[in-house]
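Colleague: Residue numbers (numbering that gives the first Met the number 0): 0 to 604. Don't be surprised by glycine CBs; every beta carbon is placed ideally from N, CA and C. Just so it is clear, the structure is predicted and the values come from calculations on it, not from any experiment.
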Amino acid sequence: MIDCSNVRFTYDGERFVLRGIDLHIADGEFVCILGGNGSGKSTLAKHMNALLVPDEGCVRVAGRDTQDEEYVYDIRSTAGMVFQNPDDQLVASLVEDDVAFGPENLGVESAHIAERVKQALKEVGLVGFERHETHALSGGQKQRVAIAGVLAMEPRALILDEASSMLDPRGRKGLMRVCHELNDRGMTIIMITHYMEEAAAADRVVVMNEGRIACEGTPEEVLTQADELAALNLDVPYSCQLGLALQKAGMHVVPHVNETQMVAEIVAKLSEVGKLGEAGHAKDIDPAFHATAPAPSEDALLRFEDVFFTYTKSKKERKRKKLGSKPEERAAWGNDPNEVWALKDISFELRRGEFLGIAGHTGSGKSTLLQHMNGLLQPSRGRVLVGGEDLADKKAAAAAKARIGIVFQYPERQLFATTVFDDVAFGPRNLGLSGDEVEARVRESLSRVGLSIDSLRDMSPFELSGGQQRRVAFAGVLAMNPEALVLDEPVAGLDPVARREFLELIAQLHKQGTTIVMVSHSMDDLAAMCDRVVVLKEGEIVRQGTPAHVFMHAAKLNEIGLGLPAPQRMAYALIDAGAPLSADELYSIDSLAAEIASIAEGGAR
């Protein structure tokens, strides 16, 4: 299907981004491409449907040379591509028009276009969203529209460039299900991802590094090589991490990239030493799953009181949407397309010095909630208070924007100035600070994110690497000296090593006294880092409490579309198989490995 022979490519005529790529993907194969940020993955993907053509070498798609302009139309009809950021791909104001755009340009008859749009939206769980405006969708919903738009073209090959990075756990699972169904029907799938669990489900894994193919093979051959992957800024899957941790603890197991296989391996070992009992029932030991707001605290920095919010301003439209809502129109991936309220009866508080996590399915209202925290949005009903001041007051709202700093998804897109110094200095200058104070703020904030003002002062932020750009964007918010830092998916799109570095940076900022709010689709990150977690479902808080309190509810979290942290998921599977693990402990990989090893050695609880 796709044949790359000695492909070399440069953007600037000097530095080669691809350096002799030889890659052959068979018709009907499912291939996953991994690599650190800047390894050349996206550049290679764009060669696979003639968005780019090689400076040297040759790329053929279904036998057609991408450099032959006569075949460009055929190649792009054959290989459909979904980009990492959906805003780069959406072209129409309404969902159904955007999904129809591709088939229309292929000359598909009108009667067939409608059927293709309907089927594609069903595949991505957006039935009922046909007449919704694309700009008003959440990031994850936009990504699903972009995927539907490519599926509606019915390509022979589907190229996904980090297409799952904006999706919640259920959305990622749904996308993988769709990909496997299409692959079973003969479609070639090329998936670029930083999620090792997605790579584990492919036929073949290709790892890139500095524009070259570093290694390739089956998932078991590639994804169990922890040292080699670490050198390439990658991790092994969680199941393999558990297997390696058990080996270090002295237990003779073979690490597997598949969780089910890893659990079966452990169960077999425990059975051999007679440490397996009757199947347990670990899930939802506390049957109550509801949002019990804690008692008001005198140390609250921010408080939501009975907040409702709607983007639909017209009472007539609100009434029509409410009356028109039908249960069967609820989207398969967890959203009601006719829901009036983006937020419903939200009450909670943020305490000074805490690390608060916010979880929720795509479209649950997370980003809307964040924009209420410093007055960017005002409640339709209810109150938001910062330091006891109601943000309905304009002066209080203006002051809150300095006290509560928000870093949006893809923070590097907040950059705008000609130099790094001017970008970071923008906020302090608008506070009316003196030149010396601005200089001190810029120097300190850049230092806090691990950057040097001396080497970067006069550089354009757009000449920096992606990771450096993200740090500069963080510094621009920190330069305002906010009391709280609010982060909306701060590590989306980063490779495992960069992701770990940014999470360590955020943890360090918290240790230095900054109050942190972090929205994330990674239950593992929330479980490991947060003091408290608030769970949203369709605009409502359905659970709040410590990570251990929240993640004891597997069935409810799966129902919402969030799932569990990987160690907890595997622990529950082991308990269900009869392993005598604690049913009321929130496990990490290390603590789970230590407990299993202790059981195997005779130290079961």
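Quick one: using the 10 Å Cβ neighbour count with 16 as the cut-off for buried, is T217 buried or exposed?
Modeller: T217 comes out exposed.
Colleague: Label R542 either buried or exposed according to how many other C-beta atoms from any shown protein chain fall within 10 Å of its C-beta, with 16 as the threshold for buried.
Modeller: Buried: at least 16 other Cβ atoms inside 10 Å.
Colleague: What is the DSSP secondary structure of D97, counted as helix, strand or coil?
Modeller: Helix.
Colleague: Tell me whether G276 is buried or exposed, calling it buried when 16 or more other Cβ atoms sit within 10 Å of its Cβ.
Modeller: Flag for G276 reads exposed.
Colleague: By a C-beta neighbour count over all protein chains shown, 10 Å radius and 16 as the cutoff for buried, is R176 buried or exposed?
Modeller: The residue is exposed, with fewer than 16 neighbouring Cβ atoms inside 10 Å.
Colleague: Cutting at 6 Å between CB atoms, please list the residues of its own chain near M165, excluding the five before and the five after it.
Modeller: Within the same chain, M165 has close Cβ partners G138, G139 and Q142.
Colleague: By the three-class DSSP mapping on this structure, what secondary structure does H371 have?
Modeller: If DSSP states are grouped into helix, strand and coil, H371 belongs with the helices.
Colleague: The alpha helix (DSSP H) spanning H548 covers which residue range?
Modeller: It spans P546 to V549 - the alpha helix (DSSP H) in which H548 sits, taken as one unbroken run.
Colleague: For E197, count neighbouring C-beta atoms within 10 Å of its own C-beta (all shown protein chains included) and say buried if the count is 16 or more, exposed if not.
Modeller: Buried, because 16 or more other Cβ atoms sit within 10 Å of the Cβ of E197.
Colleague: Distance, Cα to Cα, A201 vs D435?
Modeller: Rounded to the nearest angstrom, the two C-alpha atoms are 56 Å apart.
Colleague: Three Cβ pairs or more, each shorter than 8 Å: is that satisfied between the segment 396-405 and the segment 370-381?
Modeller: Touching, yes, given that three or more Cβ pairs across the two stretches are closer than 8 Å.
Colleague: With distances taken Cα to Cα, identify the nearest neighbour of R498 among N480, L585, N232 and G386.
Modeller: For R498, the nearest C-alpha among the options comes from N232.
Colleague: In three-state terms, what does DSSP make of F303?
Modeller: Reduced to three states, the DSSP call for F303 is strand.
Colleague: Under three-state DSSP, which class holds L477?
Modeller: Residue state, collapsed to three classes: helix.
Colleague: From the DSSP secondary-structure annotation, give me the bridge partner or partners of F347.
Modeller: Partner(s): F303.
Colleague: Of the choices M479, A395 and G404, whose alpha-carbon is the least far from that of L430?
Modeller: Measuring from the Cα of L430, the nearest candidate turns out to be M479.
Colleague: Closest by CA to P495, which one among V204, L120, E95 and D234?
Modeller: Here the closest residue by C-alpha is D234.
Colleague: Short of 7 Å in beta carbon distance, which residues of its chain neighbour A147, apart from the five on each side in sequence? Order them along the chain.
Modeller: Correct list, in chain order: V98, A119, L120, E122, V123 and L125.
Colleague: State whether the segment 381-391 contacts the segment 183-192, with contact taken as three or more CB pairs (one from each stretch) at a distance under 8 Å.
Modeller: No, they do not touch.
Colleague: Taking its Cβ as the centre, do 16 or more other Cβ atoms sit within 10 Å of P460, making it buried, or is it exposed?
Modeller: That one is buried.
Colleague: For a test of the three-state rule: what should DSSP assign to D234, helix, strand or coil?
Modeller: D234 falls in the coil class under three-state DSSP.
Colleague: So does the segment 209-224 actually touch the segment 44-52, counting three or more Cβ pairs closer than 8 Å?
Modeller: Too few Cβ pairs lie closer than 8 Å, so no.
Colleague: Name the DSSP bridge partner or partners of I357?
Modeller: According to DSSP, I357 bridges with V518 and V533.
Colleague: Taking all protein chains shown into account, do 16 or more other C-beta atoms lie within 10 angstroms of the C-beta of Q507, making it buried, or fewer, making it exposed?
Modeller: By the 10 Å Cβ count, Q507 comes out exposed.
Colleague: Judging by CA-CA distance, which residue of S38, L136 and Y237 is the nearest neighbour of L563?
Modeller: Per the Cα distances, Y237.
Colleague: Starting from N208, follow the beta strand (DSSP E) in both directions and report where the run begins and ends.
Modeller: Residues R203 to N208.
Colleague: What whole-angstrom Cβ distance do I199 and L222 have, given they're in contact under 8 Å?
Modeller: It should be pointed out that residue 199 corresponds to Ala in this sequence rather than to Ile. A199 to L222, Cβ: 6 Å. Contact.
Colleague: Around the C-beta of F415, are 16 or more other C-beta atoms found within 10 angstroms, so that it is buried, or is it exposed?
Modeller: With fewer than 16 Cβ atoms within 10 Å of its Cβ, F415 is classed as exposed.
Colleague: Based on DSSP bridge pairs, tell me the residues matched to Q440.
Modeller: Checking the displayed sequence, the identity of residue 440 turns out to be Arg instead of Gln. BP columns for R440 are empty, so no partner.
Colleague: Which of helix, strand or coil does DSSP assign to N557?
Modeller: Helix.
Colleague: Under a three-way DSSP split, which group does V256 fall into?
Modeller: Residue state, collapsed to three classes: coil.
Colleague: With a threshold of 6 Å on Cβ separation, who are the neighbours of A576 within its own chain once the five nearest residues in sequence on each side are excluded?
Modeller: Excluding sequence neighbours, A576 sits near V266.
Colleague: In terms of residue numbering, what span does the alpha helix (DSSP H) encompassing L591 cover?
Modeller: Run containing L591: I588 to A599, per the alpha helix (DSSP H) assignment.
Colleague: Between L241 and L591, how many whole angstroms is the CB-CB distance? I'm expecting something under 8 Å.
Modeller: Correct: roughly 6 Å between the Cβ atoms.
Colleague: So, at 7 Å on beta carbons, what are the nonlocal neighbours of L342 in its own chain, with the 5 sequence-adjacent residues on each side left out?
Modeller: Taken in chain order, the residues that qualify are V306, F307, F308, G364, T367, L368 and G538.
Colleague: Please go through the same chain and pick out, in chain order, the residues whose beta-carbon is closer than 6 Å to the beta-carbon of V476, but skip the five residues on each side of it.
Modeller: Cβ neighbours of V476 beyond the five flanking positions: G404 and V406.
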